[in-house]
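The next block holds one structure in the form of structure tokens; read it before the comments.
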Amino acid sequence: MSEISDLIIVGGGPAGLTAGLYASRGGLKNVVMFEKSVFGGQITKSSEIENYPGAVEVVTGLELMEKWPEQAARFGVKQEFAGVKRISKAKDNIFDITLEDDTLLRAKSVIVSTGSNPKKSGVEGEDEFYGRGVSFCATCDGFFYRNKEVAVLGGGDAALEEALFLTNICSKVYLVHRRDEFRASPATVARVKKNSKIELVLNSTVKKIYGDASGVNGLIVADKNGNERDLKVPGIFVFVGMKVNNEVLLQEDGKFLCEMSKSGEVVVDLDMKTSVSGLFAAGDIRINAAKQVVCAAGDGATAAINAISYLESLHE
Ligand code: FAD
Ligand code: NAP
Numbered sequence: 000m001s002e003i004s005d006l007i008i009v010g011g012g013p014a015g016l017t018a019g020l021y022a023s024r025g026g027l028k029n030v031v032m033f034e035k036s037v038f039g040g041q042i043t044k045s046s047e048i049e050n051y052p053g054a055v056e057v058v059t060g061l062e063l064m065e066k067w068p069e070q071a072a073r074f075g076v077k078q079e080f081a082g083v084k085r086i087s088k089a090k091d092n093i094f095d096i097t098l099e100d101d102t103l104l105r106a107k108s109v110i111v112s113t114g115s116n117p118k119k120s121g122v123e124g125e126d127e128f129y130g131r132g133v134s135f136c137a138t139c140d141g142f143f144y145r146n147k148e149v150a151v152l153g154g155g156d157a158a159l160e161e162a163l164f165l166t167n168i169c170s171k172v173y174l175v176h177r178r179d180e181f182r183a184s185p186a187t188v189a190r191v192k193k194n195s196k197i198e199l200v201l202n203s204t205v206k207k208i209y210g211d212a213s214g215v216n217g218l219i220v221a222d223k224n225g226n227e228r229d230l231k232v233p234g235i236f237v238f239v240g241m242k243v244n245n246e247v248l249l250q251e252d253g254k255f256l257c258e259m260s261k262s263g264e265v266v267v268d269l270d271m272k273t274s275v276s277g278l279f280a281a282g283d284i285r286i287n288a289a290k291q292v293v294c295a296a297g298d299g300a301t302a303a304i305n306a307i308s309y310l311e312s313l314h315e
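Letter 154 of the sequence shown, counting from 1, is numbered 153 in numbering that gives the first Met the number 0, and no numbers are missing.
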């Protein structure tokens with residue numbers, strides 16, 4: 000078995016990368032971070048960011064995150080491409096980290112920063128046409144619908160911002176939302192309402208997404224009076240919220256390693272400490288997360304600073 004790490008960080012989004020930077024720059028010599036998909040996290044799928052302090056120009060998520068892994072690596076954090084299956088704590092007070100290929104690693108402290116992933120809407124046809132007209136990422140797939148009409152489902156910041164982005168590529172965007180009020184910030188709502196390429200389809204739900212072997216041909220929406228409308232679009236972008244990635248904390252007995260909220264978020268205090276000593280949580284995965292890059296980064300720094308204190312306390 001390999002040596003015991005001081006700290007293992009699970010998840011390389013804004014929270015994990017900042018934790019890695021602060022932990023290694025704060026003097027920890029043996030810090031390893033695991034990322035199973037893209038260093039930079041979910042924001043790399045966003046088309047425009049205008050609220051990260053100091054980044055005055057509007058940038059894409061990829062552009063915003065480009066230098067973060069490099070900056071963390073400069074101070075020595077090891078960044079590994081691998082998925083973590085489970086985090087457990089053994090009787091000797093050391094954490095066992097099981098990778099998806101069943102490799103077992105050990106660490107004195109752990110920061111879990113596995114973030115969140117898009118939720119599905121549950122609409123008929125969503126699974127069948129996923130990747131063939133149904134998408135959860137406008138930056139990734141918008142270009143396939145150049146000069147075509149598309150639909151966006153949802154009424155939060157993600158749906159409205161991505162609808163705006165799609166107007167730069169597509170000829171028209173139907174924004175389908177189940178209410179007539181939006182969850183998105185007022186500034187974004189104002190921009191959407193002013194955009195002549197966006198048609199608001201409010202108080203409406205999607206009954207089904209239909210198509211054929213070549214992909215989506217359209218969707219049937221119904222308003223609250225039951226009036227149906229056929230939107231003949233080849234693409235629908237679904238932005239109906241996020242689900243936290245808490246599976247790594249699930250133990251073999253089906254219980255979570257630490258205290259969780261009813262909605263599956265990790266309960267932490269202001270130091271990002273969980274109910275298990277030496278285990279910290281940061282970013283979207285924790286309770287009451289503001290779900291912002293700047294907040295996730297702040298959590299990562301807080302968690303790392305307190306992980307250093309925890310490790311020092313082991314030697315007292
Ligand atoms: P994430 O960014 O989700 O990163 C978690 C990482 O952990 C991921 O890279 C994931 O692959 C990895 N991971 C998960 N499970 C495992 C595992 N088992 N093993 C290894 N790695 C794992 N915020 C803003 O501030 N401004 C915006 O304009 C903005 N726009 C957004 C637009 C969209 C479309 C979306 C979806 C989100 C947006 N957000 C925005 C929110 C922001 O992206 C998140 O709040 C932030 O990324 C959370 O960071 P995090 O590090 O907690 O989690
Ligand atoms: P969100 O804020 O939870 O909004 C989800 C939207 O989808 C809501 O309008 C909801 O309707 C609708 N919805 C949920 N389930 C549905 C279903 N099954 N069918 C149809 N509609 C459904 O999610 P989000 O927009 O992904 O944002 C997630 C978090 O990231 C938020 O905290 C957000 O502020 C943050 N974020 C921030 C930015 C930014 O700062 N610029 C950008 C993107 C995301 P109801 O309103 O009726 O519930």
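From the three backbone atoms N, C-alpha and C, an ideal C-beta is built for every residue, glycine too.
Residue i CB to nearest heavy atom of ligand 2 below 7 Å
i: Val37; result: no
i: Asp156; result: yes
i: Arg190; result: no
i: Ser120; result: yes
i: Gln291; result: yes
i: Val232; result: no
i: Phe94; result: no
i: Val239; result: yes
i: Glu62; result: no
i: Glu160; result: yes
i: Arg178; result: yes
i: Arg105; result: no
Beta-bridge pairing of residue i - partner residues as DSSP gives them
i: Lys171; result: Glu148
i: Val31; result: Ile7, Lys77
i: Leu249; result: Phe255
i: Ala72; result: None; Ala72 has no bridge partner.
i: Thr187; result: None; Thr187 has no bridge partner.
i: Glu198; result: Tyr173
i: Ala289; result: BP columns for Ala289 are empty, so no partner.
i: Lys88; result: Phe94
i: Ile235; result: Val133, Ala150
i: Asp270; result: The partner list for Asp270 (beta bridge, DSSP) is empty, contrary to what the question assumes.
i: Asp211; result: Gly214
i: Thr204; result: Ala221
i: Ile284; result: Partner(s): none; Ile284 has no beta bridge.
i: Lys242; result: Asn116
i: Val58; result: Ile48
i: Phe279; result: Ile110, Lys272
i: Glu227; result: Ala221
i: Val83; result: Leu98
beta-carbon residue i near ligand 1 non-hydrogen atom, thresh 7 Å
i: Tyr51; result: yes
i: Gly15; result: yes
i: Asn226; result: no
i: Ile3; result: no
i: Ile86; result: no
i: Glu264; result: no
i: Val58; result: no
i: Asp283; result: yes
i: Ser45; result: yes
i: Gly297; result: no
i: Gly19; result: no
Short CB-CB distance (under 8 Å) between residue i and chain B
i: Gly214; result: The structure shown has no chain B; it contains just one protein chain.
Expected contact under 8 Å - CB spacing of residue i and residue j to nearest Å
i: Leu165; j: Phe236; result: 7 Å
i: Cys257; j: Leu230; result: In fact, because the Cβ distance is near 45 Å, the residues do not count as touching under 8 Å.
i: Gly59; j: Glu47; result: The identity of residue 59 in the sequence shown is Thr, whereas the question assumes Gly. Their Cβ separation, rounded to whole angstroms, is 6 Å, which keeps Thr59 and Glu47 in contact under 8 Å.
i: Ile303; j: Ala22; result: For the sequence presented, residue 303 should be read as Ala rather than Ile. Their Cβ separation, rounded to whole angstroms, is 4 Å, which keeps Ala303 and Ala22 in contact under 8 Å.
i: Ala72; j: Ile7; result: So it is not a contact: roughly 16 Å between Cβ atoms.
i: Ser120; j: Val172; result: So it is not a contact: roughly 17 Å between Cβ atoms.
i: Val9; j: Val149; result: No, Val9 and Val149 are not in contact; Cβ-Cβ is about 35 Å, not under 8 Å.
i: Lys118; j: Val239; result: 5 Å
i: Gly263; j: Asn245; result: 5 Å
i: Gly12; j: Met32; result: Actually they are not in contact, since the Cβ atoms of Gly12 and Met32 sit about 10 Å apart, beyond 8 Å.
i: Gly19; j: Val30; result: 6 Å
Residue i Cβ short of 7 Å to ligand 3 heavy atom set
i: Leu152; result: In the structure on display, ligand 3 does not appear, and the ligands it does have are ligand 1 and ligand 2.
Self-check item: Contained beta strand (DSSP E) runs [length at least 3] in the stretch 99-135, N- to C-terminal order
Solution: 103-111, 115-117
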